[in-house]
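What the sequence shown shows, in our numbering, is residues 2 to 318, in sequence order.
Ideal Cβ positions, reconstructed from N, Cα and C, are used throughout, including at glycine.
Model, not experiment: these values are computed from the prediction.
Right, one structure below, let's go through it.
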Amino acid sequence: MRKNVLFVTVFIMLLFAVAIAAPKPDNAGMGNESEDKGMQGNGSANATVITNKERVRANIPINVSNLPVAAQIRTQIHQVFLTGRGIAVNPENELDFRYIRIITGRVLVSPNNISEESSNSADLEVTCINTTAKERCYPLVRAGVLYLDEERYNLRNIDVDNESATASIYKNDTEVGSIALVKVDKMDAEIWAGKLTVSGTTYYAYILGLQHQLRVTAEVQERVQEYKACGPKLPSVNATEISSCKKEGGRIYIGRDENGCPMAPTCVKTSCPPVTPVSAQLRVRCRNQGGTLVGGVDDDGCPVSQKCLLASGETAG
Numbered sequence: 002m003r004k005n006v007l008f009v010t011v012f013i014m015l016l017f018a019v020a021i022a023a024p025k026p027d028n029a030g031m032g033n034e035s036e037d038k039g040m041q042g043n044g045s046a047n048a049t050v051i052t053n054k055e056r057v058r059a060n061i062p063i064n065v066s067n068l069p070v071a072a073q074i075r076t077q078i079h080q081v082f083l084t085g086r087g088i089a090v091n092p093e094n095e096l097d098f099r100y101i102r103i104i105t106g107r108v109l110v111s112p113n114n115i116s117e118e119s120s121n122s123a124d125l126e127v128t129c130i131n132t133t134a135k136e137r138c139y140p141l142v143r144a145g146v147l148y149l150d151e152e153r154y155n156l157r158n159i160d161v162d163n164e165s166a167t168a169s170i171y172k173n174d175t176e177v178g179s180i181a182l183v184k185v186d187k188m189d190a191e192i193w194a195g196k197l198t199v200s201g202t203t204y205y206a207y208i209l210g211l212q213h214q215l216r217v218t219a220e221v222q223e224r225v226q227e228y229k230a231c232g233p234k235l236p237s238v239n240a241t242e243i244s245s246c247k248k249e250g251g252r253i254y255i256g257r258d259e260n261g262c263p264m265a266p267t268c269v270k271t272s273c274p275p276v277t278p279v280s281a282q283l284r285v286r287c288r289n290q291g292g293t294l295v296g297g298v299d300d301d302g303c304p305v306s307q308k309c310l311l312a313s314g315e316t317a318g
């Protein structure tokens with residue numbers, strides 16, 4: 002039952018995002034506002050995609066019994082992967098086509114909405130942010146909504162990157178099909194083309210990406226390029242490791258190396274001495290001098306106080 006509550010909450014949030022996915026059109030042409038239900042656009046094609054490779058925080062598969070201490074949050078849309086509209090055409094009958102509206106993304110959910118059943122979902126993940134003294138974890142659910150004409154479907158098992166998108170299609174908690182798309186650039190537009198199968202019928206799908214207020218900005222994209230210098234994605238910490246760590250009275254800690262890149266997650270024991278948080282003055286001074294705050298763990302696996310690493314290689318603090 003709680004699984005249904007979790008996904009119903011997520012889909013309500015995504016439906017709200019659909020309503021604000023694109024600016025309203027002018028009075029010319031498509032005058033039926035109820036037909037598009039908020040997915041109207043201005044003809045521009047700017048699909049929003051956030052890839053797993055671009056994330057720099059550690060993503061930790063979880064079970065409800067070993068969920069790390071989580072920050073108190075309210076359900077809200079965190080990121081949008083892909084939103085757009087188009088048509089699905091039956092290759093055996095050109096007059097058999099469906100109007101498509103789609104939105105997929107990542108939603109922040111309250112830990113209280115995570116049940117034993119829903120915790121096993123492939124779309125559930127948790128992002129943890131570490132400081133020297135605290136760890137804050139945010140449960141996230143990848144979810145999506147697909148409309149074929151007026152019929153609504155839910156999307157699960159979502160996998161989206163810069164070049165492709167796949168998902169399973171569900172109706173009333175029953176899997177009824179799948180969708181697989183690839184991105185094709187046409188006339189400065191991003192078209193997502195591929196196949197959509199639902200209830201035994203396969204269609205050719207063509208979706209024009211729409212702008213969305215939660216899309217990645219150019220400034221964020223530049224920062225993402227900088228983060229990529231840190232190398233490959235962090236090793237994931239599975240639920241067994243988290244459970245074992247918590248049974249030993251520890252917590253998952255993610256330090257940073259001398260380049261400011263996230264290090265592999267480590268289980269920190271409560272027997273470790275307390276770490277003095279970095280003062281606000283040191284943070285400001287380090288930033289003004291062009292330095293980077295770095296930390297990590299010692300040989301005993303205990304976190305060490307962060308220091309300011311300057312471009313010259315010297316440390317301060």
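Along the alpha helix (DSSP H) that carries residue i, what are the first and last residues, could you check?
i, result
"VAL285", "281 to 289"
Assuming residue i is part of the beta strand (DSSP E), what are its boundary residues?
i, result
"GLN94", "Looking at the sequence provided, one finds Asn at residue 94 rather than Gln. Unbroken beta strand (DSSP E) run through ASN94: 94 to 109."
"SER200", "From DSSP, SER200 is part of no beta strand (DSSP E); its letter is neither H nor E."
"GLY292", "Unbroken run through GLY292: none, as it is neither H nor E."
"CYS309", "304 to 310"
"ASN158", "152 to 161"
"LEU182", "175 to 187"
"THR167", "165 to 172"
Please check the pair residue i and residue j, which I expect to be a contact at CB under 8 Å, by giving their CB distance rounded to whole angstroms.
i, j, result
"VAL295", "GLN307", "6 Å"
"LEU182", "ILE170", "So it is not a contact: roughly 13 Å between Cβ atoms."
"ALA166", "VAL108", "That belief does not hold up - the Cβ atoms of ALA166 and VAL108 are roughly 17 Å apart, past 8 Å."
"ALA206", "ALA190", "With a Cβ gap of about 16 Å, ALA206 and ALA190 do not count as contacting."
"ALA89", "ILE101", "5 Å"
"LEU211", "TYR204", "Wrong, their Cβ atoms sit about 20 Å apart, outside the cutoff."
If you measure between the beta carbons of residue i and residue j, is that distance less than 8 Å?
i, j, result
"LEU149", "ARG86", "no"
"ILE103", "ILE208", "yes"
"VAL199", "GLY178", "yes"
"CYS303", "CYS268", "no"
"ILE180", "ASP124", "no"
"THR175", "ASN91", "no"
"GLY292", "LEU310", "yes"
"LEU83", "VAL142", "no"
"GLU164", "LYS184", "yes"
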